Amino acid sequence: MNELNKKSIIVTGSSRGIGAEIVKVLAQKSYNVLLNYNKSEKCAIELKKQLKGKNVEIFKADVSKREEVKEMINFALDKFGTIDVMINNAGISQSKLFTDITDEDWNNMIQNNLNSVFYCCQEVLPTMINKKNGCIINISSIWGITGASCEVHYSVSKAGVDGLTKSLAKELGPSNIRVNSIAPGIIDTDMNNGYSKQEIQEIEQEIPLEKVGNVSDIARCIEWLVEDKYTTGQVISINGGWLI
Ligand code: NAP
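Per the numbering used here, the very first residue in the sequence shown carries number 136; after that it's consecutive.
Structural data, given as structure tokens:
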């Protein structure tokens, strides 16, 4: 059931990490929230349980597949009646020498990190354009801005997301739809499990604020962007000063 006058928000890839924190923060603020997961069903169910009493719906969809994205959007429309905010957070990473990246690695990265954003934006937009109101927030990465060694395909996918953000913001401004990216630096989630403790300490020495970020650092910015009215086409990099 839609809670009256509260925005309805989809958060892709929100079973774990940054997405899960975004769901928690938005649900606590009593927005209507769709929690999307793909593989981590247990985590998704546990998170929904933690948020008992809040208007959180849960939906399994692999957002790298257009048909599943369509089903997710229809489910949200059915439950909430409308979608005001689309948060494209789902993503994967892989560390490999450029010369070792296979066609399959490349296509998998682009499919999961960039094409998923293309599908989610295209499928949600008719409802936003119809009411001349909407907000899209894409989670990209600092590596899309600076490029990362041994993560060329990841960096390309995130640079693509930022390109989509800026172009779409221009196209959709007249429809009163804001489109922005948040480009995190390094945030403490499973995505960075491949780094050793020593590697993390070395990274922290390069960051002016001398620490990796926390999921709440990203969720705070989301909370603000959801209610903001005049920010569009921006890539907001939250990185402790790593990129100045
Ligand atoms: P994470 O802890 O590895 O979580 C990734 C989330 O994405 C999981 O909930 C996963 O769901 C979901 N996901 C992946 N592919 C999906 C798909 N095809 N369909 C639906 N869900 C999918 O990663 P994270 O650190 O929270 O990353 C979230 C976003 O922030 C990503 O876009 C990432 O690139 C970006 N980012 C992260 C960092 C960082 O340092 N952590 C830095 C810059 C940018 P299931 O487990 O249910 O499949």
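Glycine included, each C-beta is placed from N, C-alpha and C at the ideal position. Note that this is a predicted model, so its numbers are computed, not measured.
Exposure of residue i, with buried meaning 16 or more beta-carbon neighbours within 10 Å
i    : result
T147 : buried
F233 : exposed
D235 : exposed
Y166 : buried
S143 : buried
Heavy atom of the ligand ZN within 6 Å of residue i beta-carbon
i    : result
P261 : The ligand ZN is not among the ligands present in this structure, which contains only the ligand NAP.
Check: residue i C-beta below 6 Å from any heavy atom of the ligand NAP
i    : result
M244 : no
Y330 : no
R151 : yes
A294 : no
N250 : no
T324 : yes
Straight-line gap, residue i to residue j (C-alpha atoms, nearest Å)
i    : j    : result
S292 : T281 : 13 Å
L344 : S199 : 35 Å
F194 : L170 : 6 Å
G279 : N247 : 15 Å
C356 : T217 : 23 Å
A225 : S331 : 24 Å
R201 : M221 : 15 Å
Cut-off 8 Å between Cβ atoms - residues of its own chain near residue i, not counting five sequence neighbours on either side
i    : result
I245 : H288, V291, S292 and G295
E358 : V160, L161 and K164
Sequence-distant residues of its chain with Cβ nearer than 6 Å to residue i (five each side left out)
i    : result
S150 : Y172, S175, C178 and A179
S275 : K293, V296, D297, S316 and A318
N273 : N223, V252, V296, T300 and S316
Beta-carbon proximity list for residue i, same chain, < 7 Å, skipping 5 on both sides
i    : result
E341 : W377
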